[in-house]
């Protein structure tokens, strides 16, 4: 693989989790409240009874969002999905609007997870009210695993070297006896990322350590290749001590991440 520039956002950057969240258009399905759209558990979605609608994020005071992402959803490819912002909770003509590009669904029956770099777009700035709105009509009622509204888009000052690996695992339960072998797939695919930032500078190393320590075992946003429309919530699998030993020994910062929150396979799905 070629060298790539990764993008990330820290756990504490995510302003969606601290906002007052409500369903602005539509009604919440029983057992799937609006709060679940920003609870760091993308396998536990917020669902609507309708095939279009909007989630509202009240930041209390005006705040800027630099990076936005949708971790797991059941949106049909190319569906009209937008992030809007306004000083007041009125949406006849929002002051800011940016459209997500909803990717095609993958062969594993999971959707691509889109993201947006918002800084510098027309109208961008601090707003109290932000909303994720599905303008088009989905084939099935809407479901969203998690929405990420990050105050900061972060890039390392070194790229990931060319021999990084994007992997995946398809968990299943296996039971074998002398008479029969059973394999039960769990209906999900878990992605992973392994690579080195090399040669690493002290600032690069500190950025990675701060990113990991800030997460404290919780998921944060990671975009393995900043040129592609694919974001995920990832967990660090290494300890800080292990990462520091590797850096001291090789002057490289080793990233070993596994995706968190898989499990939203909509029934029915738009496929």
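Numbering (the working numbering), first residue to last: 1 to 271. Think of the CB as a built atom: it goes at the ideal place given N, C-alpha and C, for glycine as much as any other residue.
Exercise. Considering only residues of the same chain and omitting the five flanking positions on each side of residue 266, which have a CB-CB separation below 7 Å?
Worked result: Per-residue confidence for residue 266 stands at a pLDDT of 48, beneath the threshold of 50, marking its modelled position as unreliable; no derived number is given.
Problem set entry | 7 Å CB neighbourhood of residue 229 in its chain, flanking five on each side removed | Answer for residue 229: 101, 103, 112, 114, 115, listed in chain order.
Exercise. For residue 52, which of 25, 13, 70 has the nearest alpha-carbon?
Worked result: When 25, 13, 70 are compared, the shortest CA-CA separation from residue 52 is found for 25.
Exercise. Does DSSP put residue 254 in a helix, a strand or coil?
Worked result: Residue state, collapsed to three classes: strand.
Problem set entry | Residue range of the unbroken beta strand (DSSP E) whose run includes residue 25 | It spans 20-25 - the beta strand (DSSP E) in which residue 25 sits, taken as one unbroken run.
Problem set entry | Simplified DSSP assignment, three categories, for residue 87 | In the three-state reduction of the DSSP assignment, residue 87 falls in the coil class.
Problem set entry | Spatial neighbours of residue 157 in its chain, beta-carbon cut-off 7 Å, leaving aside the 5 residues before and after | Closer than 7 Å at the Cβ level, and outside the excluded window around residue 157, lie 201, 203, 204.
For this session: Mark residue 182 as exposed unless 16 or more other C-beta atoms lie within 10 angstroms of its C-beta, in which case mark it buried.
Result: Residue 182 counts as exposed, since fewer than 16 other C-beta atoms from the protein chains shown sit within 10 angstroms of its C-beta.
For this session: Find the nearest neighbour of residue 121 within the set 65, 48, 47, 14, judged by alpha-carbon distance.
Result: Closest in alpha carbon position to residue 121, among 65, 48, 47, 14, is 65.
Exercise. First and last residue of the beta strand (DSSP E) that includes residue 190?
Worked result: Looking at the DSSP string, the run of the beta strand (DSSP E) that includes residue 190 is 190-197.
Exercise. What is the DSSP secondary structure of residue 46, reduced to helix, strand or coil?
Worked result: Strand.
Exercise. Roughly how many angstroms lie between the CA atoms of residue 71 and residue 178, to the nearest whole one?
Worked result: Approximately 42 Å between the Cα atoms of the pair.
Problem set entry | Boundaries of the alpha helix (DSSP H) in which residue 288 is found, first to last residue | Any answer about residue 288 is impossible in this case: the structure gives the chain only from 1 up to 271.
For this session: Classify residue 20 as buried or exposed, calling it buried when 16 or more other Cβ atoms lie within 10 Å of its own Cβ.
Result: Exposed, because fewer than 16 other Cβ atoms sit within 10 Å of the Cβ of residue 20.
Problem set entry | Beta-carbon contacts of residue 126 that lie in its chain and below 6 Å, excluding the five residues immediately before and after | Correct list, in chain order: 62, 63, 64.
Problem set entry | C-beta atoms of residue 272 and residue 8 nearer than 9 Å | This structure gives no information on residue 272, because the portion of the chain shown stretches from 1 to 271.
For this session: Return the first residue and the last residue of the beta strand (DSSP E) that residue 148 is part of.
Result: DSSP places residue 148 inside the beta strand (DSSP E), whose first and last residues are 143-150.
Problem set entry | DSSP three-state assignment for residue 81, whether helix, strand or coil | Here DSSP, grouped into helix, strand and coil, assigns residue 81 to strand.
Problem set entry | Check whether residue 272 and residue 251 have beta carbons under 9 Å apart | The question about residue 272 has no answer here: the residues shown for the chain are numbered 1 through 271.
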